[in-house]
Amino acid sequence: MRYFLNAITSICAMLLLNAGVFAQATTGSESGTDEYSKLAGAMVFLLVAFLFILFFILSSPKYNYSAERRKERYSFLAKISAVLNRGVPIEREKDIMLDHDFDGIKELNNTVPPWFNLLFYGTIVIAIVYMIDFHVLGSGNVMVDEYLNEVKIANDKREELIRTGAFINENNVTLLTDAADLEKGKQIWNVNCTPCHGPDGGGTVGPNLTDQNWIHGGGIKNVFMTVSNGVPAKGMISWKTLLTPKQ
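For the sequence shown, our numbering gives the first residue as 109, with consecutive numbering after it.
The following block contains the structure:
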């Protein structure tokens, strides 16, 4: 009895440890967390069912060396255990012993325990309910629906990044010529760029940006990459942490 209790304690400790690992692995992923939560719930349910069945099995007089002294105390549990197990007493094992043997080892024709049948039929009921809920009524979130939902969420995030300009990089950047955008760019220039390049871009401690002699390449893509990554060797910082890609 003590051996089984120690084994149960070890199993519970391992399950709790695994639950902590799952929780750390799914940080930042809501869909992953939901899946692991369902898995953890199923594991806990199975563990409780296992402990419930094991308790009644071990409470049987067959496994209790002090059954005679505790007969009255455990009479109710013994009846439940008898119903769940439907086992044959040791003194009647000869009645269910099969004729053949293997090297003197006899085999008993025991019936399947009722608790096992209950679990088996329970899985069938759960499978039927699952099939009707997910595949007939369509109220469940099957894998295809989960995939489509995740694609929609990803597209929405992409559209938001494009709208706010956070999706812009040196590969897809384009030159803005609208008067409102040029005015915003002028304000950013006056605040951040004039100390090194001057108000007109003619250059002070920084290079002249008004001629055609581009040190790091001309064109909007090269200019974007230079401003974004900076030129640390010449004292120009990287502006990608201070300005948004759209700026």
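Glycine included, each C-beta is placed from N, C-alpha and C at the ideal position.
- Taking a 10 Å sphere around the C-beta of Ala150, we find fewer than 16 other C-beta atoms and assign the residue as exposed.
- With at least 16 other beta carbons inside 10 angstroms of its own, Val335 counts as buried.
- Take the alpha-carbon of Met333 and the one of Val313: they are about 20 angstroms apart.
- Beyond the five residues adjoining it in sequence on each side, His243 comes within less than 8 angstroms, by CB distance, of Val250 in the same chain, given in chain order.
- Asp286 sits in coil when the DSSP states are folded into three classes, being neither helix nor strand.
- Residue Asn277 holds the alpha-carbon nearest to the alpha-carbon of Lys354 among Asp308, Asn277, Ile240.
- Its Cα nearest to that of Arg194, the residue Asn218 stands out among Asn218, Asp209, Glu267.
- Residue nearest to Glu215 within the set Glu201, Pro221, Asn279, Leu269 is Glu201 (criterion: CA-CA distance).
- Within the same chain, and ignoring the five residues on either side of Met205 in sequence, the residues whose Cβ sits closer than 7 angstroms to its Cβ are Lys214, Leu216.
- His324 is positioned such that its CB atom lies no closer than 8 angstroms to that of Asn316.
- The beta carbon of Val196 sits closer than 6 angstroms to the beta carbons of Ile204 from its chain, once the five residues preceding and following it are set aside; these are given in chain order.
- Lys265 and Val259 have their C-alpha atoms roughly 10 angstroms apart.
- Going by DSSP, His305 is part of the alpha helix (DSSP H) stretching over 302-305.
- In the three-state scheme derived from DSSP, where H, G and I count as helix and E and B as strand, Asp207 is classed as strand.
- DSSP links Val339 through a beta bridge to Met344.
- When DSSP assignments are scanned along the stretch 208-272, the uninterrupted stretches of alpha helix (DSSP H) that are 4 or more residues long and fall wholly within it turn out to be 222-239, 251-272.
- Ala186 carries a helical assignment under DSSP once its states are collapsed to helix, strand and coil.
- Counting only the Cα atoms, Leu269 lies some 24 angstroms from Trp297.
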